[in-house]
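Right, one structure below, let's go through it.
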Amino acid sequence: MLAVKACTFICECYKWDPQNHCPVNADLAKSLLDHSNFLRHGVDAEGHTNNLAHPALSGLIIDFFYMGSNAITSIFPEVFEKEVPHTAVVLAATAIKVALDEMVMEGKEVTFKCDIYTDVYADLLRLMAICDTMPIHHAKMKVLHVEWAKVGMNGSTNLGTFTGFDVELD
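Take 60 as the starting number for the sequence shown in my numbering and just add one per residue.
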């Protein structure tokens, strides 16, 4: 189910060939996968990269973990109500990677199995840990994870007037 939802979000949130040519879209997917570009969403006012902040990621997290009667938050509200856990962010990012891998394979199904994607999951956890060592990136991710949880717990996929990061790290 997560992989299916990831396909929906990559189709909606990334720019694809308007003519929908598979080879062109495969090249676009490759460029998104290069250096984890699929996880980034521009830079803030100070020029810092918005890591693990792409709307495809936030949309998938809110939709999968927070929406619907079978949402994981209904089972574990204490885990998800204040902030999206790192592991949930990494699982969603891994699912987006699977969906992009499928695009690279020009539509051939890619199996989302533990033995195949464990290394990807572990590497994404490592990337989050690296971001956590830098105060500016830790603060930015914290703001996002809290905002996504707030949006998800309120039952809305509309991020409203949230336009970016506005933190001061004096």
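Just so you know, even glycine gets a beta-carbon here, dropped at the ideal spot from N, CA and C.
Counting C-beta pairs closer than 8 Å gives three or more between the region 98 to 116 and the region 142 to 158, which meets the contact rule. For the 8 Å CB-CB criterion, A208 and F139 form a contact.
Assignment of V143 by DSSP, reduced to helix, strand and coil, places it in the coil class. With 16 or more other Cβ atoms from the protein chains shown falling within 10 Å of its own Cβ, D160 counts as buried. Every alpha helix (DSSP H) stretch that sits fully inside the region 117 to 204 and reaches 4 residues is listed by chain position as 131 to 134, 136 to 139, 145 to 163, 173 to 192. In the assembly as shown, F97 is a buried residue. Its beta-carbon has 16 or more other beta-carbons within 10 Å. Per DSSP, T67 has no beta-bridge partner at all. The residue among L92, D182, L186, L61 with its C-alpha nearest the C-alpha of L119 is L61.
With respect to the 8 Å criterion, L186 and S95 are classified as neighbours on the basis of their beta carbons.
Boundaries of the alpha helix (DSSP H) harbouring A85: 81 to 92, taken from the DSSP string. In this structure, the alpha-carbon of C173 lies about 26 Å from that of L87. Burial is judged here by how many other beta carbons sit within 10 angstroms of a residue's own beta carbon; A181 has fewer than 16 and is exposed. Excluding its 5 nearest sequence neighbours in each direction, F68 has C-beta neighbours in its own chain below 6 Å: A115, G118, L119, listed in chain order. Apart from sequence neighbours up to five positions away, the residues of its chain that approach V205 with a beta-carbon distance below 6 Å are E142, ordered along the chain. Between A85 and V163 a beta carbon distance of about 5 Å is seen, short of the 8 Å cut, so the two are scored as contacting.
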